[in-house]
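Scroll down for the structure; my scribbles are underneath it.
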Amino acid sequence: MDNLRARLRFGDKGEAVKLRRRKSQLYSKEDKNPLIGVLGLVCFCVVFRLINCFLVRTSFVPDEYWQSLEVSHRMVFNYGYLTWEWRAGIRGFTYPLFFAFLYKILHLLNYDSVHLLIWLPRVAQALLAAFADVKFFSLIRTLEKPDVARWTFFCHLCSWFSWFCCTRTLTNSTETSLTCLALCYFPLPGSKTHSSKKYLLLAALAVIVRPTALIVWFPLLIYHFCQEEHKLRLITQNYVPIGTLALVVSALIDCLFYKKWTLVQWNFLKFNVLHGVADFYGSHPWHWYFTQGFPVVIGPHLPLFLHGCALAFRKYKILLGAVVWTVVVYSFLPHKEFRFIYPVLPFCMVFCGTSLAHLKAWCRAATTVLVVSNSVLALYTGLIHQRGVLDVMDPVQALCDVSRNSSVPQPDVLFLMPCHSTPFYSHVHCPLKMRFLECPPDLGDEGHVDEADRFYDDPLLWLRTSFPYKSSLPTHLVLFDVLEKEIATFLQGNGFKRKEEIFHTHAPEGRVGGSIFIYERH
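The C-terminal residue of the sequence shown carries number 521 in numbering that gives the first Met the number 0, and the numbering is unbroken.
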C-alpha cells in the first residue's frame, strides 16, 4: 500500500520528473536537409571568392599576364606579344586556350571590351577557387570531427597568400585549385570519397597546366602505389592510361598552335633545369624556402602549423611528407619564388585547423590574431602594393581613341622599365604602337643582346643611339621615378612633359620606383 501511495504522489517537488527524449525528425537540428547546407556553402564560397577577386588590384609577377592573357589575346585577336618562352616551345597552350575560349565568346557576342577581357578570366579563376574551397571542406568533414573541419576551413579562408594568389591568372593558381580538387579523391586514410581515376585525371590536368605539379604529386603517387593491394591493376588501368592520355592531349594542343610536334614538358625540363635558363631571372641560396619562402607563404599560420604537425603527424604524415618533399626539391633549384610552393598551402591548413581545435582556452585570441594579421596583409598586398603597373595601363589604353583619329599623329608608347613590368595588349585591346625593353636569356643565339641591361648601363647613350632623329622619337614614355634624374637632359631637350604620376609601391627597390611617370612629347 505504501508503495502505491509513493507512485501516486504527484506534488512532490523534491524530485524532478525525467522525460525520455524522443528522436523526432520534426525537431531534430542534426537532420536538416543536407542539400540546403551544401547550397549555402557553395553560395558562401562563390560570394567570398568574387569579393576576393575584385579586392585584388595589384600586380604580383609578369607571368600572370605574359604567359596567359597576352597569349590568349593573340590567339583570338591576332595581335599581341609572345615572349621568348613561346618561341622556344617551353610553354603549353592548354592554359591560355581556356581564356582564349572566353575571349572568343566575348568577340562573337561583340562584348569584347577591355574591362571584360581583364576581369572575366579573373572571375573564372575565382569560381574555380570557390569550387576547390567547397570540395576541400567536404573532404575535411569526412576525415575529421565537425569542429576540426570548421577550424581547418576557417584557416584556409583566412590565408593572406591564398587571397593574394587564387584569383590571379597564374598557372600556379590553377595548379593549386586542381591539386586541392584532386586531393578530395585521393585515398587518404579515412577518406570516403576516394576515386583513383578522378584524382589522377585532375592531377594530370595540373601537370599539363604546369609541369612542376608533378613535384607535389610524386610522393602522393608513390604512397598510393605502396598502399594499393592490386598494384599491377593500378599501373595498367590507371597510371599508364591516364598519364598517356594527358601527354597525348597536351601534345596535340601544342602541335596545333606551334604548327610542329612539340613536347612542352620535355622542353620545360631541358631549358629550366638541365640548361639552367631559369637562373637568368635570379637565384637564391639553398635555404631560402626554409628561412623566407615558406614562412612568408604560410604567414601568421606558421605557429599553428608547427603545433598541428606535432599533434597530427601520425594521421597526416603523407601530407606533411608532401610539403617537406616539395620544399626540399625546390630548394635544390637556384631560381626560387614564393608562388612555386603555393600548391602545398592547402595541405598545411589541415595541421593549422587541428591546432586551433586543440587550443580551447586560447582559441578566441588565436583566431582574432589570425583574422586581423591576415586581413592587413591581404588588403595591403591586394589593394596597395605594386598597383601602379596596372593603373598606368588606363591612361595608355585611353590613347586608343587618339589612334583611331587619322588627322593627328599616331601615339607611340615606349616603356622604359624593367622588361615585362606592365601588362601589354591584353589590357589595351587595340593595335596601339607600343614597345618595351626586351630581356630574353642567352639561348646560344649569335649576337644575343639583353636590351634592358644595355639601357640601364647607360640610359642616355641608349636613348641617343636608338633615336638619333626627333622624327623617330616616341610620343609617350612610361618610366619609374628613379630613372627620371638620369634621363632629365634627354626629356628636356626633346620636349617631353610629365603628364601623369601614378603611385606604385611604398617599398621601391633597385630599378623599380615608388611612382610611375608618363611623359608626353609636345
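Heads up, the beta-carbon is just placed ideally off N, CA and C, and yes, glycines get one too. All values derive from a computational prediction rather than experimental measurement.
- For the 8 Å CB-CB criterion, residue 399 and residue 368 do not form a contact.
- Residue pairing of residue 515 in beta bridges, as defined by DSSP: 479, 501.
- Setting aside the 5 residues that flank it on each side, residue 385 is surrounded in the same chain by 57, 58, 59, 503, 504, each with a C-beta closer than 8 Å to its C-beta; the list follows chain order.
- Taken through DSSP and simplified to helix, strand or coil, residue 185 comes out as coil.
- Distance from the CA of residue 326 to the CA of residue 404, rounded to the nearest whole angstrom, comes to 54 Å.
- In this structure, residue 430 keeps its C-beta atom at 8 Å or more from the C-beta atom of residue 511.
- Put simply, the backbone Cα of residue 100 is about 11 Å away from that of residue 107.
- Counting the other Cβ atoms within 10 Å of the Cβ of residue 500 gives fewer than 16, which makes it exposed.
- Annotation: residue 439 to residue 65 spans about 13 Å, alpha carbon to alpha carbon.
- With contacts defined as CB atoms closer than 8 Å, residue 388 and residue 420 qualify as a contacting pair.
- Three or more Cβ pairs drawn from the region 155 to 167 and the region 357 to 373 lie within less than 8 Å of each other, which places the two stretches in contact.
- When secondary structure is reduced to three states using DSSP, residue 433 falls in the strand class.
- For residue 124 against residue 194, the beta-carbon gap comes to about 25 Å, at or over 8 Å, which does not count as contact.
- Scanning the region 352 to 411 from its first residue to its last, the whole alpha helix (DSSP H) runs of 4-plus residues come out as 362 to 382, 387 to 390, 392 to 402.
- In summary, residue 62 is buried, with 16 or more beta-carbon neighbours lying within 10 Å of its beta-carbon over all protein chains present.
- For residue 474, no alpha helix (DSSP H) encloses it, and the DSSP letter there is neither H nor E.
- By the Cβ neighbour-count rule, residue 297 is buried, with 16 or more other Cβ atoms within 10 Å of its own.
- Distance from the CA of residue 486 to the CA of residue 514, rounded to the nearest whole angstrom, comes to 16 Å.
- Judged by pairs of C-beta atoms under 8 Å, the region 112 to 127 does not touch the region 464 to 482, as fewer than three such pairs exist.
- Rounded to whole angstroms, residue 336 and residue 408 show a C-alpha spacing of 43 Å.
- If you draw a straight line from the Cα of residue 257 to the Cα of residue 75, it is about 15 Å long.
- Under the Cβ criterion (8 Å, minimum of three pairs), the region 315 to 323 counts as touching the region 331 to 347.
- Partner residues in the beta bridge of residue 508, as assigned by DSSP, are 511.
- Inclusion of residue 250 and residue 262 in the CB contact set at 8 Å is warranted, their separation being smaller than that value.
- Around the beta carbon of residue 289, fewer than 16 other beta carbons sit within 10 angstroms, so the residue counts as exposed.
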